[in-house]
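**Q**
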Amino acid sequence: MEGERDKRGLMDIQEEDFDVVVRISREDDIAIARQMAKQLAQEAGFSLADVTKIATAVSELARNIYRYAQTGVIMIRKQYQETNNPTVQVVAVDRGPGIEDLDLALRRGYTTHERSLGIGLSGVKRLMDSFEIASKVGVGTTVVVEKRRRKF
Amino acid sequence: MEKSQLGILVEELGTSDYERKLWQKLLQEATSGAEASELRERLREPLLELLKELGEGSFGTKLQLVSKKLKEFPTVDILPLVLELCGELRQEKEQALQEFQQMLSELATPVIRIWTDVLLVPLVGGLDSDRAQGMVERLLERASSTRAKVVIVDVSGVPMIDTAAGGFLIEMFSAVKLLGADVILTGLKPEVAHTLVKLGIDFQMVVIARDLEDALRRAIAMLEEEKRQQQKIARVWGGGFLGEGEESDEV
């Protein structure tokens with residue numbers, strides 16, 4: 001899915017480049033993160049269905065941070081490309097325990113948490129257009145997802 | 153000389169007439185040379201008002217400016233008082249917030265008896281909080297004590313359902329079913345429905361209704377069906393054995 005170069009690229013993402021940065025350390029921060037994502041996607045002119053998908057994806061990523069890494073950061077930005085179709089990019093970074101087996105973590109129904117359906121991460125992948133993940137045990141996890149605004 | 157210097161400083165500090173008035177009062181009292189204990193009492197009010205008006209951050213920077221420009225200003229004596237007032241303000245806010253949260257948990261999740269043996273639960277807001285957890289407890293309590301046969305759950309006030317909220321709903325439905333009641337889910341918005349399909353959450357264990365009207369109609373149909381079944385059983389057991397046989401002539 002991604003080369004060695006991209007993986008290193010995922011690890012040194014600069015906070016200043018983003019429109020919104022939400023630090024996740026309490027459960028309430030999850031709601032703040034998804035509210036911010038919702039607002040940003042609405043401003044970028046996404047349809048209501050896509051706004052909800054983006055907000056849901058952010059909610060899942062933020063909850064993963066809160067559950068498994070306790071603290072981390074959600075960063076969101078709008079990007080305008082030459083095709084004039086804006087993209088919303090969401091980056092979730094944590095310095096948590098890391099994921100040992102990424103393929104297993106992305107499998108539907110797999111979870112290490114007692115009160116979880118185990119479909120969050122694979123769900124995020126299906127909610128968004130692109131999905132990249134890099135993780136190292138003992139170092140942390142970075143997830144980058146994007147959604148393009150569709151042409152009407 | 154002294155007065156005009158104070159005036160210039162006040163002009164510099166305040167951005168509105170009200171703020172300037174407060175600064176004027178604070179600086180005058182602070183430099184009046186009153187006794188420490190009396191000073192505290194006199195400074196209390198203008199300090200509190202300024203803190204409320206400006207917030208701790210910008211009040212701090214302005215206080216720095218004052219102590220730099222006005223040598224006789226007793227910054228060190230005032231700081232403990234400022235800290236004390238900040239604490240008071242924060243406590244006030246926290247208390248208000250706590251009261252508000254308590255009020256919200258009472259208000260936001262009513263359980264309504266909408267028909268004989270039918271309860272309606274209109275869910276509003278996010279479902280991933282302690283509030284939602286408390287709501288489930290109350291619902292189960294009500295469903296058990298009223299011996300409800302159908303519980304209608306309306307999620308039209310829920311902006312989005314992620315896997316945590318979905319899991320919460322599934323848990324709630326299972327618990328209601330364990331009490332012997334049926335669940336009808338209604339009010340799913342199109343964008344929420346699409347998200348649920350993408351996430352792979354389905355609510356197969358419950359009946360889904362288009363809107364509240366549809367839900368109520370189905371609930372009544374379920375009750376009628378149950379009544380018919382009971383009458384049938386009563387008849388089979390030989391009219392009147394269960395005490396309900398005599399009503400069942402038309403079946």
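Quick note, the sequences are listed as chains L and U, same order.
Here this note's numbering is used: the first residue of the first sequence is 1, the next is one more, and so on.
Here this note's numbering is used: the first residue of the second sequence is 153, the next is one more, and so on.
All C-beta atoms, glycine included, are put in the ideal place defined by N, C-alpha and C.
These figures come from a predicted structure and were not determined experimentally.
1) Heavy atom of the ligand FMN less than 6 Å from the Cβ of Ser297(U), yes or no?
2) Taking Leu104(L) as the query, report the chain U residues whose CB atoms sit under 9 Å from its CB, ordered along the chain.
3) In chain order, what residues of the same chain lie with their CB nearer than 8 Å to the CB of Leu237(U), ignoring the 5 residues before and after it?
4) With contact counted as at least three CB pairs below 8 Å, one residue from each stretch, are the segment 156 to 163 of chain U and the segment 171 to 182 of chain U in contact?
5) Quick one: residues in its chain with C-beta nearer than 6 Å to the C-beta of Gly318(U), no 5 flanking neighbours on either side, listed in chain order?
6) Which of helix, strand or coil does DSSP assign to Gln89(L)?
7) Starting from Glu124(L), trace the alpha helix (DSSP H) both ways and give me its first and last residue.
8) Is Gly109(L) close to chain U? Criterion is C-beta to C-beta, closer than 7 Å.
9) Name the residues in the segment 122 to 150 of chain L whose C-beta lies less than 7 Å from a C-beta of chain U; which are they?
10) I want to verify the contact list: residues of chain L whose CB lies under 9 Å from the CB of Gly339(U), in sequence order.
11) Looking at Ile336(U) and Ala373(U), is the spacing between their C-beta atoms short of 7 Å?
12) Is it a yes or a no for the segment 94 to 112 of chain L touching the segment 165 to 176 of chain U, going by three-plus beta-carbon pairs under 8 Å?
13) DSSP three-state call for Pro198(U): helix, strand or coil?
14) Please report how far the alpha carbon of Gly207(U) lies from the alpha carbon of Ile304(U), in whole angstroms.
15) What are the uninterrupted segments assigned as alpha helix (DSSP H) that are 4 or more residues long and contained completely in the segment 279 to 351 of chain U, given in chain order?
16) For Lys53(L), decide whether its Cβ has a neighbour in chain U, counting only Cβ atoms nearer than 7 Å.
17) With burial defined as no fewer than 16 other Cβ atoms inside 10 Å of the residue's Cβ, what is the status of Asp50(L): buried or exposed?
18) Would you say Glu2(L) reaches chain U, if we count a Cβ-Cβ gap shorter than 7 Å as a contact?
19) Less than 8 Å between the CB atoms is what I'm expecting for Leu375(U) and Val302(U), so what's the real figure, rounded?
20) Using a Cβ-Cβ distance cut-off of 7 Å, determine whether Ser59(L) contacts chain U.
21) Kindly indicate the opening and closing residues of the alpha helix (DSSP H) around Gln79(L).
22) Does any CB atom of chain L fall closer than 7 Å to the CB of Ala248(U)?
23) Could you tell me which residues DSSP puts in a beta bridge with Leu271(U)?
**A** On the basis of the supplied data:
1) Here there are no bound small molecules, and the ligand FMN is not part of this structure.
2) Residues of chain U passing the Cβ test: none, with the nearest at roughly 17 Å.
3) Taken in chain order, the residues that qualify are Arg196, Leu199, Leu200 and Leu203.
4) Cβ pair count under 8 Å is three or more, so yes.
5) If you ignore the 5 residues before and after Gly318(U), its C-beta comes within less than 6 Å of the C-beta of Ile353, all in its own chain and listed in chain order.
6) DSSP places Gln89(L) in strand when its eight states are reduced to three.
7) What sits at residue 124(L) in the sequence shown is Val, not Glu. Unbroken alpha helix (DSSP H) run through Val124(L): Gly120 to Leu127.
8) Not closer than 7 Å to any Cβ of chain U, the Cβ of Gly109(L) fails to qualify, so no.
9) So the list reads Gly123, Arg126 and Leu127, given in the order they occur along the chain.
10) By Cβ distance, chain L contributes nothing, its closest Cβ being about 15 Å from Gly339(U), past 9 Å.
11) no
12) no
13) helix
14) Gly207(U) and Ile304(U): Cα-Cα distance of roughly 47 Å.
15) 282 to 297, 315 to 330 and 342 to 351
16) yes
17) buried
18) Residue confidence for Glu2(L) is low, a pLDDT of 41 falling below 50, so the modelled location carries little weight; the figure read from the coordinates is stated next. Answer no: the Cβ-Cβ gap between Glu2(L) and chain U never drops below 7 Å.
19) Yes, they are in contact, since the Cβ atoms of Leu375(U) and Val302(U) sit about 7 Å apart, within 8 Å.
20) yes
21) Looking at the DSSP string, Gln79(L) is not in any alpha helix (DSSP H); the run it does join, the beta strand (DSSP E), is Gly72 to Gln79.
22) no
23) Looking at the DSSP output, Leu271(U) shares a beta bridge with Arg265(U) and Val303(U).
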